[in-house]
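If you count by this note's numbering, then the sequence shown holds residues 106 to 610, one letter each, in order.
Backbone N, C-alpha and C fix where the C-beta goes; we use that ideal spot for every residue, glycine too.
Quantities reported herein were computed from a predicted structural model and do not represent experimental measurements.
Report on the structure given below.
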Amino acid sequence: MNKFDVIIIGSGLGGLLCGYILCKEGLNVCILEKHNQPGGNLQTFSRHGHQFETGVHYIGALGPNQTLSRYWNYFGLMNKLSLQQLDMDGFDRIAFGDEEFSFAQGFENFSDQLMQHFPGEKAALNKFIRTIHEVISAFPLYNLELPVDHREHHYTTQSIYEFLNKLSQTDQKSKGKNRKSKIPLSSVLAGNNYLYGGSSVSPLHVASLINHSFISGAYRIIGGSDQVSKALVQSITAQGGTVNTKREVSSIRHMQQNFFITTTDGDNYLSKLAISDIHPAQTLAMMPPEMVRSAYQKRIVSLKNTTSSFIVYLTIKPGTFPYLNFNYYYHVTANPWDESESSDALWPKMYLISTGCHMQNQKFAETVTILTYMRYDEVAAWENTTVGKRGPGYIDFKARKAKALLKLVSKKFPGLLNCIDKMEISTPLTYRDYTGTAEGSLYGIQKSFHEPLLTTVLPKTKIPNFYFTGQNTNLHGVLGVTIGSVVTCGEILGLEYLMKKIQHG
Ligand SMILES: Cc1cc2nc3c(=O)[nH]c(=O)nc-3n(C[C@H](O)[C@H](O)[C@H](O)COP(=O)(O)OP(=O)(O)OC[C@H]3O[C@@H](n4cnc5c(N)ncnc54)[C@H](O)[C@@H]3O)c2cc1C
Numbered sequence: 106m107n108k109f110d111v112i113i114i115g116s117g118l119g120g121l122l123c124g125y126i127l128c129k130e131g132l133n134v135c136i137l138e139k140h141n142q143p144g145g146n147l148q149t150f151s152r153h154g155h156q157f158e159t160g161v162h163y164i165g166a167l168g169p170n171q172t173l174s175r176y177w178n179y180f181g182l183m184n185k186l187s188l189q190q191l192d193m194d195g196f197d198r199i200a201f202g203d204e205e206f207s208f209a210q211g212f213e214n215f216s217d218q219l220m221q222h223f224p225g226e227k228a229a230l231n232k233f234i235r236t237i238h239e240v241i242s243a244f245p246l247y248n249l250e251l252p253v254d255h256r257e258h259h260y261t262t263q264s265i266y267e268f269l270n271k272l273s274q275t276d277q278k279s280k281g282k283n284r285k286s287k288i289p290l291s292s293v294l295a296g297n298n299y300l301y302g303g304s305s306v307s308p309l310h311v312a313s314l315i316n317h318s319f320i321s322g323a324y325r326i327i328g329g330s331d332q333v334s335k336a337l338v339q340s341i342t343a344q345g346g347t348v349n350t351k352r353e354v355s356s357i358r359h360m361q362q363n364f365f366i367t368t369t370d371g372d373n374y375l376s377k378l379a380i381s382d383i384h385p386a387q388t389l390a391m392m393p394p395e396m397v398r399s400a401y402q403k404r405i406v407s408l409k410n411t412t413s414s415f416i417v418y419l420t421i422k423p424g425t426f427p428y429l430n431f432n433y434y435y436h437v438t439a440n441p442w443d444e445s446e447s448s449d450a451l452w453p454k455m456y457l458i459s460t461g462c463h464m465q466n467q468k469f470a471e472t473v474t475i476l477t478y479m480r481y482d483e484v485a486a487w488e489n490t491t492v493g494k495r496g497p498g499y500i501d502f503k504a505r506k507a508k509a510l511l512k513l514v515s516k517k518f519p520g521l522l523n524c525i526d527k528m529e530i531s532t533p534l535t536y537r538d539y540t541g542t543a544e545g546s547l548y549g550i551q552k553s554f555h556e557p558l559l560t561t562v563l564p565k566t567k568i569p570n571f572y573f574t575g576q577n578t579n580l581h582g583v584l585g586v587t588i589g590s591v592v593t594c595g596e597i598l599g600l601e602y603l604m605k606k607i608q609h610g
């Protein structure tokens with residue numbers, strides 16, 4: 106029996122950050138990870154001598170004194186990472202057919218860039234920016250301050266879709282006559298909604314917190330996001346913690362105030378406290394029925410997940426395709442809200458193209474990643490198969506889909522096809538099997554403005570000393586998961602106590 110103070114299930118960002126905090130507080134921590142590489146979505150993988158990102162293409166609020174860099178100072182990360190800041194005047198380029206718009210860093214710059222296309226929309230842009238700031242101030246943890254009231258409810262119960270559609274009253278009154286563009290401002294502002302799974306139930310606060318972080322400062326990690334997980338594992342082990350890979354947790358029991366955690370290879374672990382960084386539904390499925398109230402179990406199991414993705418990873422012939430110091434979001438129609446559910450015949454309705462960053466001032470791309478949505482039911486026919494053994498039908502399916510996606514991308518990037526050296530493809534099943542996310546979901550549980558409380562999983566559970574962390578608790582994304590880990594550990598150590606330590610680095 107391996108005995109620890111705390112066992113953490115899953116070594117995604119949330120699990121590692123909780124491990125770091127609790128080790129620093131002198132607890133004997135063990136993290137159990139089912140894969141051979143820690144990090145979950147922070148993992149990178151190599152194909153044909155090139156490194157690709159699994160699930161982090163850019164990170165917000167990492168500039169000097171910005172929210173994430175302040176948190177990551179405490180985690181000892183900032184002096185270990187090399188960063189590439191994306192283009193100031195367009196970290197995200199948003200295209201609808203032939204029209205292109207830039208999202209700039211810095212709120213004034215953001216507004217100025219869009220004003221070039223929407224000269225009559227100053228009031229709407231001001232309102233968009235003002236609202237983002239209001240949301241941030243209702244979530245004090247995004248400013249390293251302690252929550253004092255429940256102002257956040259005002260924003261968790263509003264829809265970003267409805268907010269944007271109502272934003273531009275002048276545009277509606279003038280029926281589009283006072284803009285230079287064929288595309289309404291509301292669509293453009295939703296142009297990067299892939300970042301939150303672009304659903305009509307997406308709450309205003311999710312979009313605002315994410316947009317705030319990227320407009321404040323948008324960065325890539327040079328050499329890959331796995332540097333974050335490697336640095337955290339190093340710090341955890343240096344402080345006496347344990348990170349065990351190739352240990353898939355299969356059962357969690359609670360007896361005499363101890364957790365008994367078993368892995369598929371038959372190892373047993375015992376702890377007083379346990380934290381799960383994996384999907385709550387998968388966590389509860391590992392517990393005996395008497396451990397969980399049936400109403401709670403039913404609620405968690407019934408929650409919908411964000412949609413999944415289809416991704417093409419390209420290695421590029423040297424010196425043939427430029428490194429893009431921005432992300433490029435392309436939309437087929439002016440409506441970015443129905444893309445995640447598009448049917449086979451109309452697929453794909455959008456894509457995001459991003460080049461890997463391997464050095465400072467990179468001129469040419471070594472790798473290109475193209476992401477789009479894919480519903481899980483498209484691959485459900487192969488759901489009982491495992492990696493590399495899904496059969497010829499699945500290989501044909503992937504090839505057909507990749508061809509359709511590359512055909513669309515080639516309209517905007519006509520030279521790209523000739524620059525491709527090799528290609529890899531992932532589907533929702535790949536994500537399900539590599540990162541352990543339910544149905545390969547992009548960001549875990551779908552938050553809904555209709556039911557903000559029901560779709561929010563609290564870190565503290567009714568099972569004494571059992572906690573959740575990771576993207577299914579606070580918010581998905583690197584910043585959301587970082588703050589979520591502080592909330593989870595705040596439940597254990599006291600949030601005020603922990604925040605003081607973080608504020609002082
Ligand atoms: C395609 C894609 C692109 C993204 N792009 C960005 C981006 O550009 N910027 C950004 O900020 N965010 C992005 N995200 C979101 C971000 O990557 C995630 O929200 C975040 O990394 C999730 O961290 P987590 O702690 O919840 O754990 P996860 O990353 O989900 O990790 C969970 C870990 O638990 C392990 N595990 C599962 N089951 C078991 C078990 N039974 N026993 C032991 N271990 C287990 C898994 O193997 C995994 O390592 C992206 C996500 C995806 C999928």
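Ranked by Cα distance from A295, the first of I500, M396, F233 and N466 is F233.
Close CB contacts of S553 within its chain, under the 6 Å cut and outside five residues either way in sequence, are with V306 and T560 (chain order).
Segment contact: the region 434 to 441 against the region 453 to 472, three or more CB-CB distances shorter than 8 Å; contact assigned. The DSSP-derived three-state label of I383 is coil. In the DSSP assignment, V591 falls within the unbroken alpha helix (DSSP H) covering G582 to L598. A straight-line Cα-Cα distance of about 46 Å links P569 and V293. Within a 10 Å sphere around the beta-carbon of S273 sit 16 or more other beta-carbons, which makes this residue buried. Rounded to the nearest angstrom, the Cβ distance from S340 to A166 is 21 Å, too far for a contact under 8 Å. In terms of Cβ geometry, V240 and Y266 do not form a close pair [threshold 8 Å].
In the three-state scheme derived from DSSP, where H, G and I count as helix and E and B as strand, Y247 is classed as helix.
About 20 Å separates the Cβ atoms of I550 and Y247, ruling out a contact at the 8 Å cut-off.
When DSSP states are grouped into helix, strand and coil, F223 belongs to the coil group.
Non-local C-beta neighbours of M183 in its own chain, meaning closer than 6 Å and more than five positions away in sequence, comprise S174 and W177, ordered along the chain. In the DSSP assignment, N432 falls within the beta strand (DSSP E) that extends over N432 to H436. No heavy atom of ligand 1 is found nearer than 7 Å to the CB of H317. In this structure, E446 is the residue among E446, G329 and N363 with its C-alpha nearest to the C-alpha of G303.
Within the chosen limit of 7 Å, ligand 1 does not reach the beta carbon of E483 with any heavy atom. Rounded to the nearest angstrom, the Cβ distance from T593 to C123 is 6 Å, consistent with a contact under 8 Å. In this model, V583 and I164 are separated by some 7 Å (Cα to Cα). The three-state secondary structure of F180, taken from DSSP, is coil. Looking at M106, S279, P533 and K285, the one whose alpha-carbon comes closest to that of L476 is P533. A distance below 6 Å between beta-carbons, with the five flanking residues on each side excluded, links I126 to the following residues of its chain, in chain order: C594. Ranked by how close their Cα comes to the Cα of R256, the residues S264, L249 and P245 have P245 in first place. The bridge partners DSSP lists for T561 come to none. Y433 is classed as buried because its beta carbon has at least 16 other beta carbons within 10 Å across all chains shown.
In the structure shown, Y478 adopts extended strand secondary structure according to DSSP, grouped into three states.
A straight line joining the alpha-carbon of Y179 with that of S590 spans about 13 Å. Counting other Cβ atoms within 10 Å of its Cβ, P564 reaches 16 or more and is therefore classed as buried. Proximity of the region 191 to 201 to the region 347 to 360 falls short of the contact definition, fewer than three beta-carbon pairs being nearer than 8 Å. Y428 places its beta carbon less than 8 Å from that of T460.
By DSSP's assignment, K108 forms a beta bridge with L375. In terms of side-chain proximity, the C-beta atom of L375 is found no nearer than 7 Å to any non-hydrogen atom of ligand 1.
A direct Cα-to-Cα measurement between V417 and I525 gives close to 11 Å. In this chain, the beta strand (DSSP E) harbouring F365 covers N363 to T368.
A Cβ-Cβ separation of about 4 Å places I383 in contact with G115 under the 8 Å criterion.
P224 sits exposed, since fewer than 16 C-beta atoms from the chains shown fall within 10 Å of its C-beta.
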